[in-house]
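Notes for the one structure printed next.
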Amino acid sequence: MANKGETLLEVKGLKTYFHTQEGVVKAVDGVSFSIARGEALAVVGESGCGKTVTALSVMNLIPDPPGRIEEGEIIFEGRNLLEMNDREIRQVRGNHIGMIFQDPMTSLNPVFTIGSQISEAVRVHLGLSRGDARQRAIELLRMVEIPQAERRYKMYPHEFSGGMRQRAMIAMALSCEPKLLIADEPSTALDVTIQAQIMELIGRLREEIGLAVMLITHDLGVVAGVAETVLVMYAGKVVEYADIDRVYYNSRHPYAWSLMRSVPRLDEKKDRLLTIGGSPPSLINLPPGCSFSPRCPFAEEVCRREEPPLREAEPGHLSACHFAADFEQHGQGVKA
Amino acid sequence: MLVFVLRRLYQTLIVVLGVVVLISFLLAIIPGDVARMRAPKGSSEEVLENIRKKFYLDKPFFTRLGIYLRNILKLDLGESFTYKRSVWSIIKESLPWSVKLALVAEVIIIIFGILAGVISAVSRYSFWDVLVTISTSVLVAMPIYWIGRLMQLFFAQWLGWFPNSGAPPPGTGFWGGLSYYIMPATALAAVSTAYVARLARSSMLEVMRQDYIQTARAKGLSNRRVTYKHALRNGLIPVVTYLGIDFGVLIGAAVLTEMIFNWPGVGHKLYFAVIQRDHTMVLGLVFVLVIIVVFINLLVDISYAFLDPRIRLGESPEVT
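For the record, the sequence lines run as chains V and C. Sequence positions in the first sequence follow numbering that gives the first Met the number 0 and run 0 to 335. Sequence positions in the second sequence follow numbering that gives the first Met the number 0 and run 0 to 319.
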């Protein structure tokens, strides 16, 4: 948990709902977390658990309608982003918080050159002249290890490969030296080797410029190398929140525990990969009690009746499970 | 690029040839004795025979076609039955009027069509959006001869704002001349404006959903910049295609508008040429119009490369 440095971003009780014709989708329902300066937080969970919506809420980029941030506070450097007007929030976006997206193939505008798209943010936020912005963009392209930066500056997105585009996206997100980088599944759409390169790049840049990172992913393998803290989300809620080692080796929530068990490992001999049965619940009609209870191998009567609060299972380790305190024994017992 | 243009020019040749053959055939099967229509009433059989000889009407269809095509290669479009002048001279007179009218109409389409489309896309489901949706539906459904007549009734007869019909007489100043253009150009532009508005709206809505628009917002750009720089450039690609193709149509298919407003353009000439079975005139006009339309389409295709960098003309698509 974040108790290392000074807090950079603090999200408190965030609720982002989507008002659709079928009903209200509680995409993010009471999520709280914080990121210290220079810290890397991984937000983990299955598709549709509210990871991306959480990230977009921080940027205040939820499409409205149908989406709306109903409740909560997003405090960045002491100021609540949700109370800012349009002009103020724009100065935070791209300037203090940079964001990169899942699919680099579609996230760059096809009709403008890579260079002009990178220098645009610099010109808008830092007020650099055309020439200075160009110089800065070329530096940024070098920083993200794009060879022949001058030549690449003038190229269009379709002339870049997927990995190169994601590098360009990172260059763009970091162009104004933000304090926080939100990376929404930055390597999901890429080849495995390129994935590793991109994650390595993010890790290196973190160290070089003291960047805090909010890494959204469903790939636990990616998390291990980069993040210090892990936030596990399920059905719009935080189910476990702790240091990476604790979540990996001493999970206190059956969902997070199953997630860790479903990662193939080279050092363990197993015939079959453990999977989590069933599928995530509809966010319109959540089951009563714990929303993971229908899929939980350890669920008991109380789980289907009462929703477990998020509380400390041990110091600095939050879990939303009725049996968090003695999950290990509980889990082992059922398994045996 | 050069290969592309050459290939297109070669295709143009086939299109023009096809159209000339088709029109010749249609003219040949229209009932009515052309010679009898040309000659004064009660002319002798000898006179009729002379007329037929002069215009090769006594020859079989394919011979006639062959003669015509050979003359076209020599850039000779023949002489008009009705005007007793070369078809070239008549086209030279009337084509500028049609082009000017089409240009004014195109300006109206670009300004009002794109503006209405973008406004209704940006403020979707607002009052303006509903207004645009309804008025474009109405506009598309109204035939041009009806809109034209209504406009003449309101703005010329009752209000007296614009001249009822006709082209500006020689010596009219710019603004005075423009007033002659307003009504016919508006009538000519009406349907296309409505269509462009709808096309621009749906295209903009589509583009606004794209990931790169979110990227642009995440960069901290203003809504204005996101809409008018990042979205519009992409959203206009299909609109420009339509505008280009439509321009050729505006020149060539303004027959109704030119008839209603008595505009001395090629549409007007074409109408009378068909009515009076003026074969050389019809063929000549269609020939020139086809070349214009095909040429404009070529320009549109070339302009893609500038609008959309992903398109490189005449090269095989890049493998990424």
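Glycine residues also receive a C-beta, built at the ideal position from the N, C-alpha and C atoms. Source: prediction; values computed, not measured.
Buried versus exposed, by CB contacts within 10 Å (16 or more), residue i
i	result
V10 (chain V)	buried
T51 (chain V)	buried
Q10 (chain C)	exposed
N296 (chain C)	buried
K268 (chain C)	buried
L13 (chain V)	buried
G172 (chain C)	exposed
D28 (chain V)	buried
K25 (chain V)	buried
G209 (chain V)	exposed
G17 (chain C)	exposed
E317 (chain C)	Residue confidence is low: E317 (chain C) scores 43 on pLDDT, short of 50, so the model does not pin down where it sits. Its coordinate-derived value is still stated next. So E317 (chain C) ends up on the exposed side.
A140 (chain C)	exposed
E87 (chain V)	exposed
M213 (chain V)	buried
D277 (chain C)	buried
Q156 (chain C)	exposed
G66 (chain V)	buried
Q151 (chain C)	buried
T15 (chain V)	buried
Y180 (chain C)	buried
P62 (chain V)	exposed
V191 (chain V)	exposed
F32 (chain V)	buried
Y144 (chain C)	exposed
W96 (chain C)	buried
N284 (chain V)	exposed
S56 (chain V)	buried
K53 (chain C)	exposed
Y240 (chain V)	buried
Which listed residue (the options) has its alpha carbon closest to that of residue i
i	options	result
Y248 (chain V)	V:V262, V:K236, V:F17	V:V262
G283 (chain C)	C:P39, C:W87, C:N49	C:W87
P253 (chain V)	V:I201, V:P146, V:D325	V:D325
S174 (chain V)	V:C320, V:R141, V:D190, V:Y16	V:R141
H229 (chain C)	C:V238, C:V206, C:L249	C:V206
L64 (chain C)	C:K53, C:I113, C:A27, C:A186	C:A27
D307 (chain C)	C:L255, C:V273, C:P237, C:A272	C:P237
V222 (chain V)	V:Q165, V:N284, V:L8, V:Q194	V:Q194
M232 (chain V)	V:M171, V:F75, V:A167, V:H217	V:H217
V15 (chain C)	C:L68, C:W127, C:G264, C:Q213	C:L68
Q90 (chain V)	V:L139, V:G235, V:M58, V:P287	V:M58
D122 (chain C)	C:F161, C:R223, C:P95	For the sequence presented, residue 122 (chain C) should be read as Ser rather than Asp. It is C:R223.
A320 (chain C)	C:S79, C:M0, C:L72	Nothing can be reported for residue 320 (chain C), as the shown portion of chain C is limited to 0 through 319.
T256 (chain C)	C:F161, C:I146, C:I71, C:L231	C:I146
R205 (chain V)	V:T274, V:A132, V:P177, V:V237	V:P177
Y55 (chain C)	C:Y227, C:I108, C:S23, C:D128	C:S23
Q209 (chain C)	V:E119, V:R304, V:L219, V:M104	V:M104
One or two residues paired with residue i in a DSSP bridge
i	result
G22 (chain V)	V:T19
G66 (chain V)	V:F17
I336 (chain V)	Chain V is shown from 0 up to 335; residue 336 (chain V) falls before or after that span and cannot be answered.
S160 (chain V)	S160 (chain V) is not bridged to any residue.
A35 (chain V)	V:T6
F336 (chain V)	Residue 336 (chain V) lies beyond the stretch modelled for chain V, which goes from 0 to 335, so this question has no answer here.
D336 (chain V)	This structure leaves residue 336 (chain V) out entirely; chain V is present only between 0 and 335.
S97 (chain C)	DSSP, once it has assigned bridges, lists no residue as partnering S97 (chain C).
Heavy atom of the ligand FAD within 8 angstroms of residue i beta-carbon
i	result
T171 (chain C)	Judged by which ligands are present, the structure shown has none, so any question about the ligand FAD falls away.
Q.
Residues of the region 95 to 109 of chain V in Cβ contact with chain C at a cutoff of 7 angstroms, in chain order, please.
A. Taking 7 angstroms as the Cβ-Cβ cut-off against chain C, the residues of the region 95 to 109 of chain V that qualify are M98, F100, D102, T105, S106, L107, N108, P109.
Q | contact_flag[the region 213 to 224 of chain C, the region 115 to 129 of chain V] where n(CB pairs < 8 angstroms) is 3 or more | A | Below 8 angstroms, enough C-beta pairs join the region 213 to 224 of chain C and the region 115 to 129 of chain V to call them touching: three or more.
Q | Residues, ordered as in the chain, of the region 80 to 92 of chain V that lie near chain A by beta-carbon distance below 9 angstroms | A | The chain inventory of the structure shown lacks chain A, comprising the protein chains V and C.
Q: Spell out a yes or no on whether the region 107 to 123 of chain V and the region 145 to 157 of chain V are touching, meaning 3 or more CB-CB pairs, one atom from each, closer than 8 angstroms.
A: As far as the Cβ criterion goes, the region 107 to 123 of chain V touches the region 145 to 157 of chain V, which means the pair count is three or higher.
Q.
Measuring CB atoms only, is the region 69 to 87 of chain V touching the region 181 to 193 of chain V, in the sense that at least three cross pairs come out at less than 8 angstroms?
A. Below 8 angstroms, too few C-beta pairs join the region 69 to 87 of chain V and the region 181 to 193 of chain V to call them touching: fewer than three.
Q) Of all the residues that make up the region 133 to 167 of chain V, which are near chain C by a beta-carbon distance shorter than 7 angstroms? A) Hits within the stretch, in order: Y155, H157, S160.
Q: Assess, as a yes-or-no matter, whether the region 228 to 243 of chain C is touched by the region 48 to 66 of chain C under the definition of 3 or more beta carbon pairs within less than 8 angstroms.
A: Note that the region 48 to 66 of chain C does not touch the region 228 to 243 of chain C; fewer than 3 beta-carbon pairs, one per stretch, sit closer than 8 angstroms.
Q) Got a sec: which bits of the region 182 to 209 of chain C sit with their beta carbon under 8 angstroms from any beta carbon on chain V, in order along the chain? A) Result list: Q209.
Q: Name, going along the chain, the residues of the region 55 to 67 of chain V whose beta-carbon falls closer than 7 angstroms to a beta-carbon of chain C.
A: Legend: CB atoms of the region 55 to 67 of chain V lying less than 7 angstroms from CB atoms of chain C belong to residues M58, L60.
Q. Closer than 9 angstroms, Cβ to any Cβ of chain V: which residues of the region 280 to 313 of chain C, in chain order?
A. Cβ contacts with chain V come from L306, D307, P308, R309.
Q: Please determine if the region 92 to 101 of chain C and the region 248 to 260 of chain C are in contact, where contact requires at least 3 C-beta pairs separated by less than 8 angstroms.
A: Contact between the region 92 to 101 of chain C and the region 248 to 260 of chain C is present, with at least three C-beta pairs closer than 8 angstroms.
Q: Could you please tell me which residues of the region 196 to 227 of chain V, in chain order, have their CB closer than 8 angstroms to any CB of chain C?
A: Listed in sequence order: no entries.
Q: Pair every Cβ in the region 219 to 233 of chain V with every Cβ in the region 34 to 41 of chain V, then say whether three or more of these pairs are closer than 8 angstroms.
A: Between the region 219 to 233 of chain V and the region 34 to 41 of chain V there are three or more inter-stretch CB-CB distances shorter than 8 angstroms, so the stretches are counted as touching.
(Q) Is it the case that the region 183 to 199 of chain C contacts the region 104 to 113 of chain C, given that we only count it when at least three CB pairs across the two stretches are under 8 angstroms? (A) Using a Cβ-Cβ distance cut-off of 8 angstroms, the region 104 to 113 of chain C and the region 183 to 199 of chain C are in contact, since at least three pairs of beta carbons, one from each stretch, lie closer than that value.
Q. Closer than 7 angstroms, Cβ to any Cβ of chain V: which residues of the region 216 to 242 of chain C, in chain order?
A. Shown in chain order are the members of the region 216 to 242 of chain C whose Cβ falls below 7 angstroms from a Cβ of chain V: R216, A217, K218, G219, L220, S221, H229, R232, N233.
Q: Determine which residues of the region 119 to 131 of chain V have a Cβ less than 8 angstroms from any Cβ of chain C, and write them out in chain order.
A: Answer in chain order: E119, A120, V123, H124.
Q: Below 9 angstroms between beta carbons is the criterion; list the residues of the region 171 to 189 of chain V that meet it against any residue of chain C, in chain order.
A: Answer in chain order: M171, A172, S174, C175, I181.
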